[in-house]
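Below is one structure, written out as structure tokens; the observations come after it.
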Amino acid sequence: MPSLDHTQLDIREMKEDEAPVVLELLKDGFKDTENRLILYVLTRPLALLLMAVVSSGLRFFLNSFVVALVLPVLLTVVVLKLLLWRSPDLGQLHAYYSAERRRLWVAVYDEEDVCGCVALEPRAGPHRAAELKRLAVSRWYRRSGVGRRLLTFVEAQARAQGFRQLVAQVSVVTKAAIALFESSGYTASGGGSWLGYTILQEFSKEL
Ligand SMILES: CC(C)(COP(=O)(O)OP(=O)(O)OC[C@H]1O[C@@H](n2cnc3c(N)ncnc32)[C@H](O)[C@@H]1OP(=O)(O)O)[C@@H](O)C(=O)NCCC(=O)NCCS
Numbered sequence: 001m002p003s004l005d006h007t008q009l010d011i012r013e014m015k016e017d018e019a020p021v022v023l024e025l026l027k028d029g030f031k032d033t034e035n036r037l038i039l040y041v042l043t044r045p046l047a048l049l050l051m052a053v054v055s056s057g058l059r060f061f062l063n064s065f066v067v068a069l070v071l072p073v074l075l076t077v078v079v080l081k082l083l084l085w086r087s088p089d090l091g092q093l094h095a096y097y098s099a100e101r102r103r104l105w106v107a108v109y110d111e112e113d114v115c116g117c118v119a120l121e122p123r124a125g126p127h128r129a130a131e132l133k134r135l136a137v138s139r140w141y142r143r144s145g146v147g148r149r150l151l152t153f154v155e156a157q158a159r160a161q162g163f164r165q166l167v168a169q170v171s172v173v174t175k176a177a178i179a180l181f182e183s184s185g186y187t188a189s190g191g192g193s194w195l196g197y198t199i200l201q202e203f204s205k206e207l
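Residue numbers (UniProt numbering): 1 to 207.
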């Protein structure tokens, strides 16, 4: 949807009855990311080597070559899915984002179409930093400036709340989000790794 009328786009706090729509939006936004991240991890040379070693070991106990080959891959996928699926706050989205200075805003097009969301959470530590979370745009509205509007909005909110720094954790496979942060003045400031491979990139910006 490249020709979006931005005068029709409003950003406001999520209402309680909008929580299910936002949850679907988030699930849709992160389903692709999760699958791509699992594929990325599985195809790292060290992960392939470990699975090959486990597979060779299983051959001593199993008669089937195919089962010995597939089992380590399946187990790795299950473990990764469980690790990525830890988001206790998603079940009570509205309650979670109504407490302790945590806020979640939605982008609404034409007064009724919830097409994006973003959240802000204070971060523990001495730097008066806040964390940007739950940034997602409905796939029908992507690449039409909604994501950048949400980012600019949340930066203004963080500044108004007295935060000095905004931080976002981005999966290395989400090229769109990385391009968005890089083109909005964010710099890579750390990250999380698995088997020595960076899987989460942290971006930050001084406000
Ligand atoms: C990341 C996301 C929020 C971007 O939203 P969006 O509304 O499509 O973004 P915008 O249209 O405002 O684009 C802003 C910039 O992001 C970058 N960008 C957006 N989509 C891109 C894509 N598919 N490929 C490359 N860069 C992209 C570009 O730099 C773009 O600027 P430009 O249009 O001037 O080139 C959206 O793609 C999304 O919801 N993805 C799934 C969930 C996700 O990854 N969330 C991020 C978690 S931190």
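All C-beta atoms, glycine included, are put in the ideal place defined by N, C-alpha and C. All of these numbers come straight from a predicted model, not from anything done at the bench.
Close Cβ partners of residue i (< 6 Å) along its chain, the five nearest in sequence each way excluded
i, result
"A68", "S55, L58, R59, L62"
"Y40", "V173"
"R102", "E121"
Sequence-distant residues of the same chain with beta carbon closer than 8 Å to residue i, five excluded per side
i, result
"F65", "R59"
"A19", "L93, H94"
"H127", "R164, Q165"
Range covered by the beta strand (DSSP E) that runs through residue i
i, result
"E121", "113 to 122"
"D10", "9 to 13"
"L104", "103 to 109"
Cut-off 7 Å between Cβ atoms - residues of its own chain near residue i, not counting five sequence neighbours on either side
i, result
"E155", "L166, L207"
"L71", "L58"
"M51", "P72, V73, T76"
Local Cβ density within 10 Å of residue i, reported as buried at 16 or more and exposed below that
i, result
"E131", "buried"
"G29", "buried"
Worksheet item: In chain order, which alpha helix (DSSP H) runs of at least 4 residues are fully inside the segment 26 to 101?
Response: 45 to 58, 65 to 84, 93 to 96
Discussion item. Quick check for students: name the residue ranges of the beta strand (DSSP E) that lie wholly in the segment 124 to 207, counting only runs of 3 or more.
Written reply: 129 to 137, 165 to 171, 187 to 194, 197 to 206
Fill in: Closer than 5 Å to ligand 1: residues, by C-beta to nearest heavy atom, in chain order
G29, L135, A136, V137, R142, R143, G145, V146, G147, R148, V170, T174, A176, A177, A179, L180, S183
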